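*Asks:* Residue numbers (the working numbering), protein chains in the order written: chain A, 1 to 390; chain B, 1 to 141.
Ideal placement from N, C-alpha and C gives every residue a C-beta, glycine not left out.
Since this is a predicted model, take the numbers as computed values, not measurements.
I'd like to ask you about the structure that follows.
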Ligand SMILES: Cc1ncc(COP(=O)(O)O)c(C=O)c1O
Ligand code: FES
Ligand SMILES: [Zn+2]
């Protein structure tokens, strides 16, 4: 199997598993059990993990709160800010191409009476900071803009948007689930107030993530109960998961520059290889301002799910944003959001790399795609019309 | 997610292509929705002598097209008109619930092709359709 769906999830590294294992067996104590030795060991592990994660994004350990993943971090950031700051205003700004964890949370808040502005993006999926600035009103309490897009990989001008929000006195949240461990992040330098991350995107375990909350930010809790996570989030800490997340993120941030250069080379080889060998194909997202591991294409005249299935039968694992893979009748809101017509958006394919991806795998994949696309086109009544015109 | 039968018909579709001497052609669905099926039939003495299809769509759409053409080949017009999407799905050993809408296309394409045959040969008959004709017709430009 050649796995090119690392934007969906990644393999847990052996070193991460080794770091986690003792916390299931020997050091299984409850970090809240104050006076027991196992409890102390668990607490120590937690605080070390918090230091490590904070260090990777330029935060203080006290500003990092572990969650059950990226979705919870997004929910917490948006609902927590909206509810806590209701007396200041009821307006939230986000974009049309966010992950559903952000979009559906905003839609939920709209039903509760909050107002949400969905700022559109350009043809590459990029947000214009000026558009954010112009959308801010006296009622605005939160701006939420994703660091990098999970489907098309485009990286937003986060620092500029952060600056605008800071100036206007509006909280700034960024969903950095795809960006954490993949590109350098410094929450202080980038004026970020809240940042979501998720361990399974950088070779950590599933079901664990974190929300960075800048010191001083006024936010309500999402999970009520015990006093874990400095009284901010109830539930007995997932010590093993948290240790795994910290180990994975530390490793991801080690020699990031070097790994990124290697990934970008492979990514660009894949992009050029596909664009050169398959006619009627477009690259989605920005050519250079994109995640080092992301490629996304639309192949005209074919439908994404049948492409996915065909590739899967040959051992290549990728994903698509077609209607038939999204479980709705519409293709991905991201592809529609960058202005693609439905019929083109249906023919999308995302191939996302990891540090384990080899050049041989990329070569083999490039070779496989062309003939499969052609086979599907030969079956397509839309392509028939194209051939006739030529 | 798909049954073995579906995967078989998807990876090895029967009757793909065009029919140069077709006298019944039907196209349903539209690119906007992500599924288009075009069916070509050669009808002689009330019998579907030959049939071919082309489909733009997901795995379920391709597999149902393939299965439907198998099921009407050699049948009378009457029998072909009696083919339901349910029968096609059963012959494929089932489809995931979210995919049933993709399978309706094949039944509709066959009906549209037979209507085309009636129109072309001056037969004044209207094909009764159980589907949602408004969805199928007219907006595939
Ligand atoms: C941009 C983005 N946000 C949020 C999430 C949700 O993360 P999790 O699966 O950890 O809840 C994902 C992952 O699918 C994502 O790509
Ligand atoms: S032919 Fe389309 S619904 Fe009847
Ligand atoms: Zn379908």
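What separation, rounded to the nearest whole angstrom, lies between the Cα atoms of residue 153(B) and residue 65(B)?
*Replies:* The structure shown does not extend to residue 153(B), since chain B spans only 1 to 141, so no value can be given for it.
*Asks:* Please tell me whether residue 11(B) has its Cβ less than 8 Å away from any Cβ of chain A.
*Replies:* With 8 Å as the cut-off, residue 11(B) counts as an interface residue toward chain A.
*Asks:* With DSSP run on the structure shown, which of helix, strand or coil describes residue 93(A)?
*Replies:* Correct three-state label for residue 93(A): strand.
*Asks:* Following the continuous alpha helix (DSSP H) through residue 37(A), name the residue where it begins and the one where it ends.
*Replies:* Here the alpha helix (DSSP H) through residue 37(A) covers 37 to 57.
*Asks:* DSSP three-state call for residue 75(A): helix, strand or coil?
*Replies:* Three-state DSSP puts residue 75(A) in a helix.
*Asks:* Put residue 33(B) into one of helix, strand or coil per three-state DSSP.
*Replies:* DSSP places residue 33(B) in coil when its eight states are reduced to three.
*Asks:* Helix, strand or coil for residue 44(B)? Go by DSSP, reduced to three states.
*Replies:* If DSSP states are grouped into helix, strand and coil, residue 44(B) belongs with the strands.
*Asks:* Let me check you understand the geometry: is the CB of residue 200(A) closer than 7 Å to at least one non-hydrogen atom of ligand 1?
*Replies:* Yes, the beta carbon of residue 200(A) sits closer than 7 Å to at least one heavy atom of ligand 1.
*Asks:* Tell me the DSSP secondary structure of residue 302(A) in three-state form.
*Replies:* The answer is coil: DSSP assigns residue 302(A) none of H, G, I, E or B.
*Asks:* Mind listing the chain A neighbours of residue 88(B)? Cutoff is C-beta to C-beta under 9 Å, in chain order.
*Replies:* Correct list: empty, because the minimum Cβ distance to chain A is about 17 Å.
*Asks:* Are there 16 or more other CB atoms within 10 angstroms of the CB of residue 354(A), so buried, or fewer, so exposed?
*Replies:* It is buried - the Cβ of residue 354(A) has at least 16 other Cβ atoms within 10 Å.
*Asks:* Please list, in chain order, all residues of the same chain as residue 20(A) whose beta carbon is under 8 Å from its beta carbon, the five residues on each side excluded.
*Replies:* These residues qualify, in order along the chain: 205, 240, 241, 243, 244 and 247.
*Asks:* Check the Cβ of residue 27(B) against every Cβ in chain A and list those closer than 7 Å, keeping chain order.
*Replies:* Here the neighbours are 381.
*Asks:* What are the partner residues of residue 26(B), as DSSP defines its beta bridges?
*Replies:* Residue 26(B) pairs with 39(B).
*Asks:* Using the rule of at least 16 other Cβ atoms within 10 Å of the residue's Cβ for burial, across every protein chain shown, is residue 100(A) buried or exposed?
*Replies:* By the neighbour-count rule (16 or more Cβ atoms within 10 Å), residue 100(A) is not buried but exposed.
*Asks:* Is the stretch 82 to 89 of chain A close to the stretch 55 to 67 of chain A, with three or more CB pairs under 8 Å?
*Replies:* Cβ pair count under 8 Å is below three, so no.
*Asks:* Just to check my reading of the structure: residue 41(B) and residue 24(B) have Cβ atoms closer than 8 Å, yes? What is that Cβ distance to the nearest angstrom?
*Replies:* The pair is a contact, with the Cβ atoms about 4 Å apart (cut-off 8 Å).
*Asks:* Could you check how far apart the C-beta atoms of residue 132(A) and residue 161(A) are, in whole angstroms? I think they sit under 8 Å.
*Replies:* Indeed they touch by this definition, with Cβ atoms about 5 Å apart.
*Asks:* Report yes if the C-beta distance between residue 144(A) and residue 78(A) is below 8 Å; otherwise report no.
*Replies:* Their beta carbons are under 8 Å apart, which means residue 144(A) touches residue 78(A) by this criterion.
*Asks:* Could you give the first and the last residue of the continuous beta strand (DSSP E) run that contains residue 175(A)?
*Replies:* 171 to 175 is the extent of the beta strand (DSSP E) around residue 175(A).
*Asks:* In chain B, which residues lie less than 7 Å from residue 309(A) when you measure between Cβ atoms?
*Replies:* Neighbours of residue 309(A) on chain B, chain order: 10 and 59.
*Asks:* Compute every distance between the C-beta of residue 286(A) and the non-hydrogen atoms of ligand 1, then say whether any falls below 7 Å.
*Replies:* No, the beta carbon of residue 286(A) sits no closer than 7 Å to any heavy atom of ligand 1.
*Asks:* Determine the direct distance from the alpha carbon of residue 49(A) to that of residue 97(B), and round the result to whole angstroms.
*Replies:* Cα to Cα, residue 97(B) sits roughly 44 Å from residue 49(A).
*Asks:* Rounded to a whole number of angstroms, what is the C-alpha to C-alpha distance between residue 281(A) and residue 339(A)?
*Replies:* Rounded to the nearest angstrom, the two C-alpha atoms are 16 Å apart.
*Asks:* Check the Cβ of residue 109(B) against every Cβ in chain A and list those closer than 7 Å, keeping chain order.
*Replies:* The contacting residues do not exist; residue 109(B) stays about 10 Å from chain A at best.
*Asks:* So what does residue 294(A) bridge to, in DSSP terms?
*Replies:* According to DSSP, residue 294(A) bridges with 352(A).
*Asks:* Determine the DSSP secondary structure at residue 263(A), reduced to helix, strand or coil.
*Replies:* Looking at residue 263(A) - three-state DSSP - the assignment turns out to be helix.
*Asks:* In the DSSP assignment, find the alpha helix (DSSP H) that holds residue 135(A) and state where it starts and stops.
*Replies:* Segment 129 to 135, the alpha helix (DSSP H) holding residue 135(A).
*Asks:* Residues of chain B with a CB under 8 Å from the CB of residue 331(A): which are they?
*Replies:* Simply 34.
*Asks:* Say whether chain A places a C-beta atom closer than 8 Å to the C-beta of residue 113(B).
*Replies:* Not an interface residue.
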